[in-house]
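Novice:
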Amino acid sequence: MNPFCQLLRARGSKPPVGTWIVSASPLVAEAVGHVGFDWGVLDMEHAPLDLMTLVHLLQAVGNTKMVPVVRLPWNDAVMVKRVLDAGAETLLFPFIQTPEEAARAVAATRYPPEGVRGLSAMGRASRYGTVPDYYRAANRAVGVIVQLETPQAIAQLERIAAVPGVDALFVGPADLSGAMGHVGQLTHPAVMALMGDAAQRARAVGKPIGSVGSTPEVVTRYRAAGYDFLAVASDLALLMRGATAAAQALRQGDGAPQVHTLAEGTQT
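No gaps in the numbering here: position 268 of the sequence shown is 255 in the working numbering, and each next residue is one more.
#1: For ASP30, list the residues DSSP reports as bridge partners.
#2: GLY(-1) to GLY200, Cα distance in whole Å?
#3: I want to see whether chain C comes within less than 8 Å of PRO203, judged by CB atoms only; does it?
#4: On the criterion of 16 or more Cβ atoms from any shown chain inside 10 Å, does ARG91 qualify as buried, or is it exposed?
#5: Here's the rule I'm using: 16 or more other beta-carbon atoms within 10 Å means buried, otherwise exposed. How should MET109 be labelled?
#6: Between THR231 and PRO151, what straight-line distance do the alpha-carbon atoms span, to the nearest angstrom?
#7: For the beta strand (DSSP E) that LEU79 lies in, which residues bound it at each end?
#8: Just grab the DSSP bridge partners of LEU217 for me.
#9: Return the chain-ordered list of same chain residues with a C-beta closer than 8 Å to the C-beta of ALA177, the five sequence neighbours on each side being excluded.
#10: Buried or exposed: where does GLN134 fall if 16 or more other Cβ atoms within 10 Å of its Cβ makes it buried?
#11: Taking the continuous alpha helix (DSSP H) assigned at ILE83, which residues delimit it?
#12: Leaving out five residues on either side along the sequence, give the residues of the same chain with a beta carbon under 6 Å from the beta carbon of VAL195.
#13: Quick one, are the C-beta atoms of LEU36 and ALA11 less than 8 Å apart?
#14: Using DSSP with H/G/I as helix, E/B as strand and the rest coil, what is GLY36?
#15: Would you check if there are 3 or more beta carbon pairs closer than 8 Å linking the region 69 to 79 to the region 22 to 39?
#16: List the DSSP bridge partners of GLN134.
#17: Could you tell me the alpha carbon to alpha carbon distance between THR255 and LEU223, rounded to whole angstroms?
Written out as structure tokens, the structure reads:
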């Protein structure tokens, strides 16, 4: 079974908790994988991540207990093929609007006759040709999560969830806020209300649904709304918060902050 789907099946009353990896750094990804997150998104949509770096990230995270999920830059069959050949097992498809788009996403992840994924005998996914009966096993091992990011997509939630091969849904609050006319207001009452509605409808049809929040407090609100798996912030966001807090703490009580330059020494 797909490792992310195993996480969802074993979740019980506690949603699996993850984070976003946007640093494109294998070292940072590996470190984050050791802090206790259940899953992490290796983001190819917004992070400067190419295929070789993705391989390095998958290798790094493979040394941890954190299950990697690769967010694709787009619902593109060629990119899906290359990412799967690189060794990804669970894919997050951005901006799925219709059941037809969801069906195309699933088809791109499956070898014939179930789909249209191109065959490659020598790649990282098949352990360079050493996995017996890899083509048949691969169709059972892949995981597909589709991202709903507009009111129009959420309006079709039940039909998208019913597409064979869609394992889970994911609501993207940032783009949803923009599509609703509340750009950047991820916790706007209207946005939160629609997200809550999506969670309840997903539960009614028995399809796991997830999202991401900027802080633990926001994630707690999503959990209360009925979300089944959740991510908090990203590796860079968490790093920046920690670094900023440390810098501010060290400057407290010192009066005006000191600025050091090589040319002028210390200024106040």
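All residues carry an ideal CB built from backbone N, CA and C; glycine is no exception.
Specialist: Reading it off the structure:
#1: Under DSSP, ASP30 takes part in a beta bridge, and its partners are ARG58.
#2: In this model, GLY(-1) and GLY200 are separated by some 21 Å (Cα to Cα).
#3: Of the chains in the structure shown, none is chain C; there is only one protein chain.
#4: Here ARG91 is buried: its Cβ has 16 or more other Cβ atoms, across all protein chains shown, within 10 Å.
#5: Answer is exposed; the Cβ neighbour count stays below 16.
#6: Annotation: THR231 to PRO151 spans about 46 Å, alpha carbon to alpha carbon.
#7: First-last of the beta strand (DSSP E) with LEU79: 77 to 80.
#8: DSSP output for LEU217 lists VAL4, SER198 as bridge partner(s).
#9: Cβ within range, chain order: MET167, HIS169.
#10: Around the CB of GLN134, 16 or more other CB atoms lie within 10 Å, so the residue is classed as buried.
#11: No residue range can be given for ILE83, since it is assigned to no alpha helix (DSSP H) and is classified by DSSP as neither H nor E.
#12: The sequence as given places Pro at residue 195; Val does not occur at that position. Scanning its chain for C-beta atoms nearer than 6 Å, with the 5 sequence neighbours on each side dropped, one finds around PRO195 the residues LEU(-5), ALA155, ASP215, in chain order.
#13: With contacts defined by Cβ atoms closer than 8 Å, LEU36 and ALA11 form a contacting pair.
#14: Residue 36 is actually Leu in this sequence, not Gly. LEU36 falls in the coil class under three-state DSSP.
#15: Segments in contact, yes.
#16: Under DSSP, GLN134 forms a beta bridge with PHE157.
#17: Interpretation of THR255 is limited by its pLDDT of 38, a score under 50 that renders its predicted location unreliable; no figure is taken from the coordinates.
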